[in-house]
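Numbering (our numbering), first residue to last: 32 to 96.
Note that beta-carbon positions come from the ideal geometry of N, C-alpha and C, so glycine has one too.
As the structure is a prediction and not an experimental result, all values here were calculated from the model.
Worksheet: the structure to be examined is printed underneath.
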Amino acid sequence: TYRQVAERVGLSRPTIYRKIRLGEFPKPIRVSDYRVGFLEEEIEAWISERRHERVEYSPLPRDLD
Numbered sequence: 032t033y034r035q036v037a038e039r040v041g042l043s044r045p046t047i048y049r050k051i052r053l054g055e056f057p058k059p060i061r062v063s064d065y066r067v068g069f070l071e072e073e074i075e076a077w078i079s080e081r082r083h084e085r086v087e088y089s090p091l092p093r094d095l096d
């Protein structure tokens, strides 16, 4: 469900909708007339692709290091 995917990837549902519309997130698949789902493999692949976009994190501003 959108809720489960949102929790898994750390994005809000509206952000997921927008990213799908822009072609930046895996498209859902229809599982019934009123339900959609996502392929776990596609979500995991999307997460893996994001790993190269990591930024260095420092809890202190650089000028205080």
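Where V62 falls, given that 16 or more other Cβ within 10 Å makes a residue buried: Around the C-beta of V62, fewer than 16 other C-beta atoms lie within 10 Å, and the residue is accordingly described as exposed.
Does DSSP put S43 in a helix, in a strand, or in coil? DSSP places S43 in coil when its eight states are reduced to three.
Do you know how far the Cα of I47 is from the Cα of Y54? Strictly speaking, residue 54 in this sequence is Gly, with Tyr absent from that position. Cα to Cα, G54 sits roughly 10 Å from I47.
P59 and W77 look like a contact to me (Cβ under 8 Å); what is the Cβ gap, rounded to whole Å? Taking C-beta atoms under 8 Å as the contact rule, P59 and W77 fail to qualify, at a distance of about 13 Å.
Per DSSP, the bridge partner or partners of I60: Under the DSSP definition of a beta bridge, I60 partners with G68.
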